[in-house]
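J.: Each residue of the sequence shown is one higher than the one before, counting from 0 in numbering that gives the first Met the number 0. Note that beta-carbon positions come from the ideal geometry of N, C-alpha and C, so glycine has one too.
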Amino acid sequence: MDCGDGVNLCGVLTLASGYGPNEYAASEPYVHGLWPETDSYGTSECIAPQSTTDPTKLATCYNNGTNNDADQLDFEQHEWEKHGCCAGAEDADDYFDQVCSISTAPLKVMSDSKSSGGDLDAIEKAVTSAGYEVFYKDTQYSQLYLSACAGPDAKWKTSPVADFVKNCGGWDPSNNDDNDATACVSSQHGPACSSDKDCSDITDCVRCASSGYCTNVPLSYTETN
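(1) Mark Gln139 as exposed unless 16 or more other C-beta atoms lie within 10 angstroms of its C-beta, in which case mark it buried.
(2) Counting Cβ pairs closer than 8 Å, one from the region 30–45 and one from the region 114–122, do we hit at least three?
(3) Does the pairing of the region 76–95 with the region 54–62 give three or more beta-carbon distances under 8 Å?
(4) Where does Leu218 fall in DSSP's three states?
(5) Would you kindly work out how many angstroms separate the C-alpha atoms of Gly19 and Gln76, rounded to a whole number?
(6) Please state whether DSSP places Thr127 in a helix, a strand or coil.
(7) Can you grab the Cα-Cα spacing for the pair Thr13 / Ser39, in whole Å?
(8) Taking Gly41 as the reference, which of Ser112, Gly169, Ser146 and Ala104 has the closest Cα?
(9) What's the C-alpha gap between Pro190 and Asp197?
(10) Locate the alpha helix (DSSP H) running through Trp79, then write down its first and last residues.
(11) Use the C-beta contact count for Gln49: other C-beta atoms within 10 angstroms, 16 or more gives buried, fewer gives exposed.
(12) Our contact map puts Thr51 next to Cys45 with C-beta atoms below 8 Å; I'd like the distance itself, whole angstroms only.
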């Protein structure tokens, strides 16, 4: 995913249909996560929160009716540590409040389609007709990835990729110029690069990502959690 000029945060809002196997099965569609497309997934920055403290309360939009409270909180902590800590939110509460806010409307569309007997393809068509861009359809786990971005206020919104600059642009370019990394660390930019060769002799780096920084993440796309 290419965030576009002047957009530092972009990613996908991943919504599960409930038709998936095992732990992905549920009677109603539900939100899986909001994932900045960093490293091999796209050009998004990984912007750390003001507080990295794990969530301690349950987010209502994460309750798919199959998990008890302890399991749900464990999953939220996993999502926060893996994705939320790169989303530019103030803290875990801010991150999950935003996730629940932007997922409410598309989940309603998905739920209406599913209750009418729609399969994943029908749900995708309904979501697209409602004005949301499906960036990726995950048929293995029966999920839809909706394109999303955040402006300089770090408030996320769903948006077509083509409209990222219009809807989420205006970031200060100087925010990208203070990288002094000397190695590759998970969920952080490595040294600046223009080709894989620039990263070959740098500790724990495996390639030059599309963001223009070395990364320790091998080139791939499928992301499932």
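T.: Reading off the structure:
(1) Exposed is the call here.
(2) Here the region 30–45 does not lie against the region 114–122, with fewer than 3 beta-carbon pairs under 8 Å apart.
(3) As far as the Cβ criterion goes, the region 76–95 touches the region 54–62, which means the pair count is three or higher.
(4) Three-state result, Leu218: coil.
(5) Gly19 and Gln76 have their C-alpha atoms spaced approximately 22 Å apart.
(6) Helix at Thr127.
(7) If you draw a straight line from the Cα of Thr13 to the Cα of Ser39, it is about 17 Å long.
(8) For the residues Ser112, Gly169, Ser146 and Ala104, the minimum Cα distance to Gly41 belongs to Ser146.
(9) Answer to the nearest angstrom: the Cα atoms are 9 Å apart.
(10) Run containing Trp79: Asp68 to Lys81, per the alpha helix (DSSP H) assignment.
(11) Gln49 should be labelled exposed.
(12) The distance from the Cβ of Thr51 to that of Cys45 is about 12 Å, inconsistent with a contact at the 8 Å cut-off.
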